[in-house]
Structures are given as C-alpha cells and as structure tokens.
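Report on one structure; see the data block that follows.
2 protein chains.
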Amino acid sequence: MILTVTLNTALDITYRVPALVPHASHRVEEVAERPGGKGLNVARVLAALGHEAVVTGFAGGPSGEVLRARLAELAPVDELVPIAGATRRTIAVVDAVSGDTTQLNEPGPLVSPAEWDAFVATYGRLLDGAEAVALCGSLPPGLPVGAYAQLVRQARTAKVPVLLDTSGEALRRGIAARPDLVKPNADELAQLTGSREPLRAARDARRRGAHTVVASLGAEGMLAASPEGLWQAAPPAAVRGNPTGAGDSAVAGLLSGLVEGLDWPGRLTRAVALSAATVLAPAAGEFDFAAYEKMLGSVRVTEHAH
Amino acid sequence: MILTVTLNTALDITYRVPALVPHASHRVEEVAERPGGKGLNVARVLAALGHEAVVTGFAGGPSGEVLRARLAELAPVDELVPIAGATRRTIAVVDAVSGDTTQLNEPGPLVSPAEWDAFVATYGRLLDGAEAVALCGSLPPGLPVGAYAQLVRQARTAKVPVLLDTSGEALRRGIAARPDLVKPNADELAQLTGSREPLRAARDARRRGAHTVVASLGAEGMLAASPEGLWQAAPPAAVRGNPTGAGDSAVAGLLSGLVEGLDWPGRLTRAVALSAATVLAPAAGEFDFAAYEKMLGSVRVTEHAH
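Protein chains in written order, with numbering that gives the first Met the number 0: chain A, 0 to 305; chain B, 0 to 305.
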C-alpha cells in the first residue's frame with residue numbers, strides 16, 4: 000500500500016462560463032465537483048497504475064462531506080481524519096471559448112492541536128502497512144510550522160520511504176528532517192535555494208537535507224539529483240494542454256517506480272510520461288492512459304556527470 | 000404573517016480578493032456565506048420591520064443544508080420544501096481595492112413533478128395564515144412554465160394579496176394570472192412591454208393583467224400605476240453603494256405597507272427609503288436602519304395625472 004497525506008484537502012469545483020469578465024454577472028453553464036488536494040490526485044494516479052492507495056489528511060464541514068462522498072466512488076481508500084472546520088473549496092472558472100482558467104482558492108480550515116494529535120496517531124497506524132508515503136501540498140492554518148518535519152521523522156523511524164512535495168516555508172522546514180525525496184518545480188526550487196540554475200539548485204537542495212531531489216522543469220522534463228547520480232528525462236516534444244495535476248502525476252510515477260524497484264532512469268521516464276499524459280488529458284488532473292503508454296517509449300533520459 | 004416564496008433559493012458565497020484578474024490564480028482572503036434568493040432577502044427585511052415572515056420554496060443537497068442552518072439563525076421562519084437536487088450557489092467575488100463585484104451564478108437544481116406537487120401543498124397550507132405573499136425570482140429547471148400563474152391563482156382564490164417579482168417568460172406568464180402587484184425594474188419592464196418609457200410601459204403591464212405595477216427606476220425612484228392613481232417617489236439625491244438586494248428591500252416595503260394599510264404614497268415612500276438604505280449599507284443585501292428612518296422624511300412623492 001502507498002500512503003498519501005493531504006493536510007489541506009480541497010473540494011475542487013469547476014465552473015464553465017462563456018468568458019470571465021471582471022465586474023460582470025455570469026450564468027455558470029456547467030458545474031463539476033471533485034475531491035482535490037495534491038495527495039488525493041497522487042492517490043488516484045497510483046490506483047490507475049494498479050497500486051493500492053490510501054489517503055489521509057483532514058476533511059470537515061459540508062464541503063468535507065461532499066469530498067468524502069465523491070472519494071467513496073473512487074479507488075483510493077479514505078482514511079481522512081474529521082475536523083470541525085470546513086474543507087476549503089477551490090473554484091476553477093474555465094472560459095469555454097479559450098479554455099483559459101481563473102482560479103479562486105479558499106484558505107484552509109483552522110486545525111486544532113487535538114485534531115493534529117488525532118492525525119498524527121492515524122498517520123502512525125497507517126505507516127505500519129505502507130511501502131512508501133507522499134506528503135503533499137500546503138499546510139492549513141493552525142498546524143505547527145514543523146508539521147512536515149515531524150511527519151518526515153515519523154516515516155524515517157518507521158523505515159517507510161518518504162517523499163515531500165510542498166513549497167515555501169513548509170518545504171524549507173520539512174527538508175531539514177531529511178526526506179528520501181523532494182519534488183520541487185523550478186519556482187519552488189528557486190524559492191528554496193535562491194538559484195534558477197537547476198543543477199546548482201538541486202545540489203543545494205540535497206545539501207539542505209533531501210536524500211534525492213527531483214526537480215520538475217516543465218517542457219524540459221525532470222532532473223534527478225541522487226546519491227546514485229544525476230539524470231534528466233524529457234518528453235520528445237513540448238506537450239500542450241492543461242498542466243493542472245501534472246506535478247501530482249509525476250509524484251505518483253516516482254513513488255510507484257520506487258515501490259516497484261525501478262532504477263532512476265525508469266522512475267523518471269514514468270514520471271515524465273505520466274506528467275505529459277496529464278497535460279494532454281481534456282479534464283484537469285486526469286491522465287490519458289493511451290498517451291501515457293505511448294509516451295513511455297519516447298521519453299529521452301540523459302545522465303549528467305557528477 | 001407575510002409569506003415569501005423563493006423557488007430558486009441560493010447559498011450566497013462572497014469571496015474577497017485583492018483584485019480579480021482573468022486567467023490568474025487568487026488566494027481568497029475572506030469567505031462569507033448567507034442564505035440567499037430574492038424571497039429570503041425580502042423576508043429578512045420584513046422581519047427587521049417587525050413583521051412575522053415565513054419563507055418557502057425549495058432547498059436540497061449540501062448547499063441546501065448550509066442554507067437552512069444559516070437561516071435557522073435568522074428571524075424568518077423556514078418552511079422550505081426539501082428536494083433531491085442541490086440548491087444553487089452564487090459566488091460574488093469582491094475586489095478589495097475597488098469594491099467591484101464579479102458574479103458567478105450556478106444554474107438551479109432540477110425539480111421533479113412530485114417535488115413541485117409537495118411545494119404546492121405546502122404553499123396552500125401556508126396561504127391559510129398569510130396576510131400577503133410575495134413570489135420572488137427565477138424558476139429552477141423542471142418547473143412548469145406556468146408555475147407562477149398557478150401560484151398567483153392559488154393566492155387569489157385564498158384571497159391573499161399576491162406580489163410577483165420575476166422577469167422574462169416567468170413574468171410574462173405570471174402576470175396574465177392577474178397578480179395584485181408586480182415590481183419590475185426598468186429593464187424587466189422594457190423586456191415585458193417593449194417600451195423604455197416608464198409610464199407607457201407601466202400602463203401596458205397593467206393591461207397585461209397586473210392590478211398595480213410598481214416599477215423601480217434606479218436613481219429616479221419608483222413609479223406606481225394603480226387603479227387609485229399614478230405616483231412617483233424618489234430619494235432626495237442619488238445614493239451610492241452596492242445595489243444588491245435594493246429591489247428585494249423595496250418589495251418588503253411595498254408588502255409591509257400593504258399589510259399595515261398605508262396608502263400608495265406611504266408604501267412608495269417606505270419602499271424607496273428601504274431601497275436607498277440597502278444601497279448605503281456596507282454588506283450586500285443588508286440595510287442601514289438609521290439611514291432608512293432618516294430617508295423616510297426626505298423621499299419626494301409626486302402624483303401624475305391619470
């Protein structure tokens with residue numbers, strides 16, 4: 000079983016309008032709701048790849064109930080911890096004509112110390128049966144700033160490989176607890192290290208505590224800096240589409256590859272192919288399985304000198 | 000008791016953002032939720048004026064549950080009829096800097112014939128104790144096109160004065176059933192009659208079946224065309240602020256004035272003062288009671304020749 004943690008889950012709502020015009024009134028033509036948050040996306044992709052995926056984190060309020068009801072229809076196992084506050088909503092307003100998306104993200108619910116304690120207990124129990132764990136996304140208000148550092152240490156103590164995919168202060172503090180893997184994008188990596196030069200920045204991030212750094216570089220693919228070596232994997236050509244969820248699919252590729260014992264080139268190939276197949280899928284956060292399988296054969300992996 | 004009907008209730012959500020930028024991502028700074036729909040707004044104002052107000056219509060789904068929970072904290076009595084579909088949400092995105100609002104309105108839930116029958120029975124029971132009834136807003140999908148005509152006839156049979164405040168085809172069909180009062184704004188009146196000349200259009204609307212037509216004309220105040228005469232009431236000066244809910248406050252002014260036996264100049268004065276006090280209130284759909292009382296003394300009413 001692979002465990003994913005989403006402390007700030009979201010009910011993702013998509014509105015289709017002809018075109019968003021500021022300060023005008025819009026009749027929404029189509030409403031879609033899906034359970035969201037990075038770890039939930041990762042778990043869905045893991046399940047599609049044939050892995051047993053369990054999701055934990057927090058859910059509460061009416062939006063949390065809807066999230067759990069929708070999650071029950073999907074493959075990942077729901078081990079979310081109930082909270083008094085309401086799960087945040089995100090609204091993606093899609094212009095029907097251009098396909099462009101305007102995003103409105105609510106802040107997360109306030110999590111109490113008792114709710115955090117309940118989560119930590121659940122997490123400890125779930126780590127027992129986990130082959131790997133991914134800690135994904137932002138921290139809701141109320142959590143200790145060192146929350147991810149604590150969860151990384153708990154995983155290391157339980158000898159479960161742990162991937163951290165977050166940004167800003169949460170990444171800075173979490174990385175110091177020595178996760179097996181971090182997966183920043185170019186912006187997150189630059190924010191962490193101050194460098195926009197991927198190789199230099201990835202090496203810097205490793206010095207800050209990450210065993211391996213896999214940086215996602217958009218059209219340039221992904222760069223892995225690990226104790227075993229340095230690899231870069233790229234799709235055959237830039238893919239066009241909706242990049243929402245592409246990073247989460249990459250995390251699922253890395254984690255499933257790790258659990259299946261693939262080497263770094265194999266893991267990167269899978270991550271890049273999944274990421275591209277997600278960009279190509281019409282619905283945000285879904286991936287095109289046929290495109291994924293086709294892409295697997297055409298991802299180019301190059302090894303860099305140490 | 001005054002009854003208000005809102006067939007397409009809404010959970011009104013307000014998001015505060017620094018400024019809405021199309022195709023960008025926004026962190027919502029503040030989220031507010033309130034029970035919405037025109038009849039619910041009318042009932043809140045009626046209650047603030049000291050009247051017992053009862054609301055009916057439809058509510059369902061998670062958004063309907065939130066709406067009812069919030070309504071329970073307010074004065075109006077909840078007689079909403081449960082439905083399987085989910086109450087629509089409306090999202091008002093307010094730019095913190097300019098105060099400008101971008102509106103996103105979900106379509107209403109599909110109402111089944113059995114749910115409509117259940118509503119008609121509830122409505123009949125509530126008419127029994129009502130001094131007046133207001134039928135407010137749009138029709139959700141699934142209702143018969145003649146829904147308002149049926150409710151107008153039911154009120155007339157029960158000898159309960161009935162006000163219809165809707166637009167488009169729902170107004171066109173409802174007015175033919177001879178409601179005591181319709182309250183279109185200038186656009187709705189023009190759409191109904193084809194005329195942008197208020198006096199001519201109001202007379203035309205009376206010929207179409209309304210006993211009295213009260214047209215709300217924005218800064219020019221309100222015009223009443225009734226069998227007793229023609230009056231226009233205007234605020235002393237144009238008021239600046241958020242016009243959301245101003246029309247609903249006017250409906251509350253007209254209905255409460257009717258029930259209290261005020262003459263037309265008295266009813267119009269109250270409607271105009273409430274409307275202006277709503278525009279002046281900082282929160283959309285609320286009204287400033289002190290401004291209302293002050294305004295009452297300064298509304299100018301003029302009588303037109305027949």
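Just so you know, even glycine gets a beta-carbon here, dropped at the ideal spot from N, CA and C.
Between alanine 85 of chain A and serine 62 of chain A, the CB-CB gap stays under 7 Å.
Taking a Cβ-Cβ threshold of 7 Å, the residues of chain B close to threonine 101 of chain A are Pro21, His22 and Ala23, in chain order.
Rounded to the nearest whole angstrom, the CA to CA distance from serine 274 of chain A to alanine 131 of chain A is 20 Å. Within 7 Å of the CB of asparagine 40 of chain B, no CB atom of chain A is found; the nearest one sits about 16 Å away. Along the stretch 85-114 of chain B, the positions whose C-beta sits under 7 Å from a C-beta of chain A are Ile90, Val92, Asp99, Thr100, Thr101, Gln102, Leu103, Asn104, Glu105 and Pro106, read in chain order. Using beta-carbon distances, valine 65 of chain B counts as an interface residue toward chain A, with a partner under 7 Å.
The residues Ala276, Leu279 and Ala280, in chain order, have a CB closer than 7 Å to that of aspartate 287 of chain B in the same chain once the five nearest residues on each side in sequence are set aside.
If you check the CB distance, alanine 42 of chain A and threonine 13 of chain A do not come in under 7 Å. The beta carbon of valine 30 of chain B falls within 7 Å of a beta carbon belonging to chain A, placing the residue at that interface. Between tryptophan 115 of chain B and leucine 79 of chain B the beta-carbon gap is near 14 Å, outside 8 Å, which marks them as no contact. For arginine 26 of chain B, at least one C-beta of chain A is nearer than 7 Å to its own C-beta. Three or more Cβ pairs drawn from the stretch 207-217 of chain A and the stretch 176-185 of chain A lie within less than 8 Å of each other, which places the two stretches in contact. Pairwise C-beta distances place the stretch 122-141 of chain A in contact with the stretch 157-173 of chain A, as three or more of them are shorter than 8 Å. Collapsing the DSSP output to three states places glutamate 29 of chain B in a strand.
For proline 61 of chain B, the chain A residues whose C-beta falls within less than 7 Å of its own C-beta are Pro61, Glu64 and Val65, listed in chain order. In this structure, DSSP gives arginine 207 of chain A a state outside helix and strand, which the three-state scheme calls coil.
Interface with chain A (7 Å Cβ-Cβ cutoff): tyrosine 122 of chain B is excluded. Following the DSSP letters along the chain, one finds glycine 265 of chain B in no beta strand (DSSP E) but inside the alpha helix (DSSP H) bounded by residues 263-279. Proximity of the stretch 248-255 of chain A to the stretch 9-25 of chain B falls short of the contact definition, fewer than three beta-carbon pairs being nearer than 8 Å. Note that the C-beta distance between glycine 59 of chain A and isoleucine 90 of chain A is not below 7 Å.
Residues of the stretch 286-300 of chain B whose Cβ lies closer than 8 Å to any Cβ of chain A: none. For asparagine 40 of chain B, the secondary structure class from DSSP, reduced to helix, strand or coil, is helix. Counting other Cβ atoms within 10 Å of its Cβ, histidine 50 of chain A reaches 16 or more and is therefore classed as buried. In this structure, histidine 22 of chain A lies away from aspartate 127 of chain B, with their beta-carbon atoms at least 7 Å apart.
The C-beta separation of valine 27 of chain A from glutamate 105 of chain B comes to about 5 Å, placing the pair in contact by the 8 Å criterion. Leaving aside the five residues that flank aspartate 77 of chain B on each side, the residues in its chain whose CB is nearer than 7 Å to its CB run, in chain order, Val54, Arg67, Leu70 and Ala71.
Along the stretch 138-156 of chain B, there is no position whose C-beta sits under 7 Å from a C-beta of chain A. Going by beta carbons, leucine 253 of chain A and arginine 239 of chain A fall outside the 7 Å limit. The alpha-carbon separation between histidine 303 of chain B and leucine 103 of chain B amounts to approximately 40 Å.
Scanning A/Val20, A/Val16, A/Leu39 and A/Leu19 for the CA closest to the CA of isoleucine 1 of chain A turns up A/Leu39. Straight through space, the alpha carbons of valine 30 of chain B and arginine 199 of chain B are spaced by roughly 44 Å. In this chain, the alpha helix (DSSP H) harbouring alanine 185 of chain A covers 185-192. Using a Cβ distance threshold of 7 Å, serine 255 of chain A and leucine 125 of chain A do not count as a contacting pair.
Here DSSP, grouped into helix, strand and coil, assigns alanine 176 of chain B to coil. As the crow flies, the alpha-carbon of threonine 301 of chain A is around 5 Å from that of glutamine 231 of chain A.
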